Structures are given as structure tokens and as C-alpha cells.
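Visitor: Mind looking over this structure? Questions follow.
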Amino acid sequence: MTPDVLCIGSILWDIIGRSPASLRLGSDVPGRITRLPGGVAMNIAMTLARFGLKPAILTAIGRDAEGDELIAACARMGLITDHAYRSEDLPTDRYMAVEGANGLIAAIADAHSLEAAGDKILRPLANGALGTERAPWPGLIALDGNLTEGLLGQIAASPLFAAADLRVAPASPGKAERLLPLLKHPRATLYVNLEEANLLTRTHADTAPEAAAALLARGAARVLVTHGGKACAEGTAGAGVIADQPPPVLVARVTGAGDTFMAAHIVAERGGADRATALSRALRAAATYVSGEIGT
């Protein structure tokens with residue numbers, strides 16, 4: 001089966017504790033704890049699949065019981081895992097977060113196996129399964145911005161990505177500078193929040209449109225900058241910056257919102273939407289997600 005889009009990055013188990021109460025350091029409150037497939041690449045792939053696309057995942061998954069469960073969960077959702085790197089000696093990665101009414105309180109990402117696998121996850125792009133250096137993958141790639149700095153730098157210079165429509169998913173603010181090698185990539189679209197944009201540009205923009213303009217000034221080809229419930233922006237080199245306001249919703253969850261925004265934007269553009277329409281649809285999808293609904 002030929003995929004519609006490749007999702008490269010973390011596929012793991014999300015263990016999320018949520019409480020309707022506002023939390024502070026040391027809070028001990030009732031709530032719900034869930035264990036679901038997660039990770040940046042997974043969140044994007046799941047959303048793309050809900051919109052009817054066929055995503056394939058390039059990642060590292062252990063040959064342990066948790067890895068087998070994860071592969072089975074992907075199959076049930078219509079995700080293609082044929083090209084995933086299955087390691088004999090690396091465990092399946094995990095992510096743990098605590099969320100309250102006042103947002104994300106803390107999170108720990110145990111993605112050591114993905115980091116240890118390194119460029120092994122890219123083998124299908126070189127060995128003919130999905131492409132070669134002479135005939136690189138020509139379609140959409142959703143790239144996890146939380147990959148290691150070395151691997152992101154390798155991807156930025158690799159001929160294996162020379163023909164791709166490269167969409168770079170949000171990194172966590174602490175890892176935002178890992179995206180610098182991709183900032184000036186001519187085929188890359190960067191999806192970042194305001195804090196990440198300011199870290200990349202070393203500026204102090206107060207709004208998403210200002211941050212988008214600063215990224216374009218630094219040589220970015222295309223960027224989308226989110227700012228929570230405030231105005232968000234899309235900037236394209238040579239075409240300027242546009243902005244839109246997300247619909248107001250009651251926030252029930254935050255983990256995965258940026259990935260949902262990105263996936264919905266990809267789907268909108270794949271369907272022929274113009275810049276303004278694609279931005280609006282992505283904001284509505286992200287709002288629906290954080291409100292606790294699923295949305296399609």
C-alpha cells in the first residue's frame with residue numbers, strides 16, 4: 001500500500017493524568033489516568049487517518065509486549081507500520097504528563113529508544129522501499145521536531161528529502177533550537193508556537209503575526225505560529241503574513257493540540273484550500289480537540 005503521507009518521529013505510549021482541578025506543586029487530587037498511543041508522529045498520523053488519509057510511520061518501536069500492542073493499535077486505526085524500525089534490544093518509548101484545569105503541569109518524555117535508533121528509522125527512504133537518493137520520496141512528510149539535533153541536521157542536508165513537501169511539527173520550547181538547521185530549508189513548513197518562534201529568531205515578539213514575520217526575515221520559506229487562544233498566523237516568503245483567531249472553547253486537554261492543528265492544516269491544503277481557509281480549518285480542529293471532542 002502506497003502511503004499518502006509519511007510521519008517521521010515518536011510513536012509511544014502516552015500516560016496522561018488529568019484532573020478538573022487547578023493544580024500546583026504537591027497537589028494530590030482525584031482525576032483520570034489514561035494510557036493511549038501517542039507521540040508527535042503518532043498524534044499527527046491518527047488525525048490524518050481520521051480525515052481519510054493513509055499515513056505511514058517511520059519510527060523506532062521495541063520488539064517487546066508494549067511494542068506489539070502499539071503496532072496492533074496502529075493497525076486498528078489504519079496506520080501503516082510496515083516501515084517502522086523494530087529493535088530487538090531497545091524498549092518501546094513512553095511519555096507521561098499531568099494536566100489540570102490550569103493546563104499542562106509537568107511532563108516527562110522517555111524517548112531514548114528513538115534517539116538511540118538514529119538514522120535507522122530513515123532506511124526505507126534510501127533502500128527503495130519508499131525512495132532512494134536518485135528518486136527521493138516526492139510527497140508529504142510530517143517530521144517530528146523533537147528528533148535529535150544531529151538527525152534533524154542530517155535530514156536538512158539529505159538528498160533523500162530534496163523532493164518532499166516537508167512539514168515540521170512543533171518541538172517543545174526546550175528543544176526549539178533543534179529546528180535551526182531546517183529554518184532555511186526551501187521545502188520546509190515550520191509549525192511552532194510563539195515561544196518557540198522567539199527562541200528561533202532570538203527576538204521578543206508579542207504576537208504570532210510579529211513572530212511569523214521575524215521567521216520569514218530569518219530566511220524561513222513558510223511558517224505557522226500559534227499562540228493558544230490568541231491570534232495565530234501563517235507566513236509565506238514573498239506573500240507576507242495572514243492571521244486568524246481560534247474559536248473560544250473550554251480547554252479540557254492540551255497534549256496533542258499542536259499536532260492536531262498541523263494535521264488538520266495539511267488535510268485542508270491537500271483538499272485545495274487557500275491559505276486563509278486552511279488556517280481557519282486548522283484552528284477550528286485544534287479548538288475542537290482541546291475542548292475534549294474528537295472532530296473529523
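Each residue of the sequence shown is one higher than the one before, starting from 1 at the first, in the UniProt record's numbering.
Glycine included, every Cβ here is placed at the ideal spot set by N, Cα and C.
Keep in mind the model is a prediction, meaning the values are calculated, not measured.
Under 6 Å Cβ to Cβ from S10, same chain only, skipping five residues before and after it: list those, please.
Guide: Once the five neighbours on either side are set aside, the close Cβ partners of S10 are G39, V40, A41, A111, L114 and D144.
Visitor: Am I right that G62 and T92 are in contact with their C-beta atoms under 8 Å? What's the rounded C-beta distance?
Guide: Right, the Cβ-Cβ distance comes to about 4 Å (below 8 Å), so this counts as a contact.
Visitor: Which of helix, strand or coil does DSSP assign to R187?
Guide: In this structure, R187 counts as coil in the three-state DSSP scheme.
Visitor: Of the choices P159, C7 and R35, whose alpha-carbon is the least far from that of D14?
Guide: Here the closest residue by C-alpha is R35.
Visitor: On a Cα-Cα basis, can you pick out the residue from L53, L250, P248 and A217 that is closest to G235?
Guide: Cα-wise, what sits closest to G235 is A217.
Visitor: By Cβ distance, which residues of its chain are closer than 7 Å to A45, with the 5 residues on each side in sequence left out?
Guide: Within the same chain, A45 has close Cβ partners C7, P55, I57 and L79.
Visitor: Could you give the distance in angstroms between the alpha-carbon of G229 and the alpha-carbon of A239?
Guide: Cα to Cα, G229 sits roughly 25 Å from A239.
Visitor: Within the continuous beta strand (DSSP E) that includes L283, where are the two ends?
Guide: Looking at the DSSP string, L283 is not in any beta strand (DSSP E); the run it does join, the alpha helix (DSSP H), is R275 to V290.
Visitor: Cα separation between G295 and Y289?
Guide: Any reading at G295 is ruled out, since the residue's pLDDT is 48, under 50, leaving its predicted position unreliable.
Visitor: How is S87 classed by DSSP in three states: helix, strand or coil?
Guide: In this structure, S87 counts as strand in the three-state DSSP scheme.
Visitor: Compare the beta carbon distance of L179 and A171 with 8 Å and say whether it is the shorter of the two.
Guide: Result yes, Cβ atoms of L179 and A171 sit closer than 8 Å.
Visitor: For W13, which residues does DSSP report across the bridge?
Guide: For W13, which the question treats as bridged, DSSP gives the partners P37 and R94.
Visitor: From R275 to E269, what distance separates their C-alpha atoms?
Guide: Whole-angstrom Cα-Cα distance: 8 Å.
Visitor: Count the other CB atoms within 10 Å of the CB of residue 354; is the residue buried (16 or more) or exposed (fewer)?
Guide: For residue 354 there is no data in the structure shown, the boundaries of the chain being 1 and 296.
Visitor: Only counting the same chain, and skipping five residues up and downstream in sequence, which positions put a Cβ closer than 6 Å to that of T203?
Guide: So the qualifying residues of the chain are A214.
Visitor: Since E196 contacts A176 with CB under 8 Å, what's their CB separation in whole angstroms?
Guide: 4 Å between Cβ atoms; contact.
Visitor: Where DSSP assigns a beta bridge to V249, which residues make up the other side?
Guide: V249 pairs with nothing; no bridge assigned.
Visitor: Mind listing, in chain order, the continuous beta strand (DSSP E) runs of no fewer than 3 residues lying wholly within the region 37-72?
Guide: If we require 3 residues or more, the beta strand (DSSP E) runs fully inside the region 37-72 come out as 55-58 and 60-62.
Visitor: Evaluate V29 with the Cβ neighbour count: other Cβ atoms within 10 Å of its Cβ, from every protein chain shown; 16 or more gives buried, anything less gives exposed.
Guide: Classification for V29: exposed.
Visitor: My understanding is that P138 touches A163, with C-beta atoms under 8 Å, so please give their C-beta distance in whole angstroms.
Guide: P138 to A163, Cβ: 4 Å. Contact.
Visitor: Here's the rule: buried if 16 or more other CB atoms are within 10 angstroms of the residue's CB, otherwise exposed. What is G271?
Guide: It is exposed - the Cβ of G271 has fewer than 16 other Cβ atoms within 10 Å.
Visitor: Quick check: L48 and I266, are their CB atoms within less than 8 Å of each other?
Guide: Cβ distance < 8 Å, so L48 and I266 count as in contact.
Visitor: Could you give the distance in angstroms between the alpha-carbon of P136 and the alpha-carbon of G17?
Guide: Cα-Cα distance, rounded: 41 Å.
Visitor: Let me make sure I understand the geometry here. Which of P186, N193, R253 and P173 has the alpha-carbon closest to that of A220?
Guide: The candidate whose alpha carbon is nearest that of A220 is P186.
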